[in-house]
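K.L.:
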Amino acid sequence: MSEYTRDELLAICEASFVRQEHWSNRDSASAQRQLGEAYALLKAGCEFWVGRDTDRTTIWLSITFEGFAHKDYDGGLDTEHFYLPTRERLAGAQGTDWY
Numbered sequence: 002m003s004e005y006t007r008d009e010l011l012a013i014c015e016a017s018f019v020r021q022e023h024w025s026n027r028d029s030a031s032a033q034r035q036l037g038e039a040y041a042l043l044k045a046g047c048e049f050w051v052g053r054d055t056d057r058t059t060i061w062l063s064i065t066f067e068g069f070a071h072k073d074y075d076g077g078l079d080t081e082h083f084y085l086p087t088r089e090r091l092a093g094a095q096g097t098d099w100y
């Protein structure tokens, strides 16, 4: 598994957005929404790490950010987990739904 930089992950997110008319799975909308959230958190400079289960098709990504608890309670951070397609998976989808 290669390490992914923030810039590489942002570029993969940008390449992964698929127009609605090309969605082919009942979960495509959810995948696109999660992709947008990952993109926003990465763009905001939040800490991230790529999971060791990342393979040829899927990048498993965890992002930590200042959420509800950080501002109102104990100062803890929230962590969300996301999956992104790899460049190889996107190439196979040829601009259609990679999910």
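So in this note's numbering, the last spot in the sequence shown is 100, and the numbers never skip. Glycine residues also receive a C-beta, built at the ideal position from the N, C-alpha and C atoms.
Between the segment 7-24 and the segment 84-99, can you find at least three pairs of beta-carbon atoms closer than 8 Å?
P.N.:
Touching, yes, given that three or more Cβ pairs across the two stretches are closer than 8 Å.
K.L.:
Can you look up Glu89 in the DSSP assignment and give me helix, strand or coil?
P.N.:
Taking the first residue of the sequence shown as 1, we reach residue 89 at position 88. Reduced to three states, the DSSP call for Glu89 is helix.
K.L.:
What does the alpha-carbon distance come out to for the pair Tyr84 and Asn26?
P.N.:
The residue you call residue 84 lines up with position 83 of the sequence shown. The residue you call residue 26 lines up with position 25 of the sequence shown. Roughly 16 Å separates the two Cα atoms.
K.L.:
Counting Cβ pairs, one atom from each stretch, are 3 or more of them under 8 Å apart for the segment 40-52 and the segment 64-74?
P.N.:
At 8 Å Cβ cutoff, the stretches touch.
K.L.:
What is the rounded straight-line gap between the Cα of Asp98 and the Cα of Gln33?
P.N.:
For this step, residue 98 is matched to residue 97 along the sequence shown. For this step, residue 33 is matched to residue 32 along the sequence shown. Answer to the nearest angstrom: the Cα atoms are 10 Å apart.
K.L.:
Can you tell which of Asp75, Ile60, Phe69 and Asp73 has its C-alpha closest to the C-alpha of Thr6?
P.N.:
Along the sequence shown, one-based indexing puts residue 6 at 5. When each option's Cα is compared against that of Thr6, the closest is Ile60.
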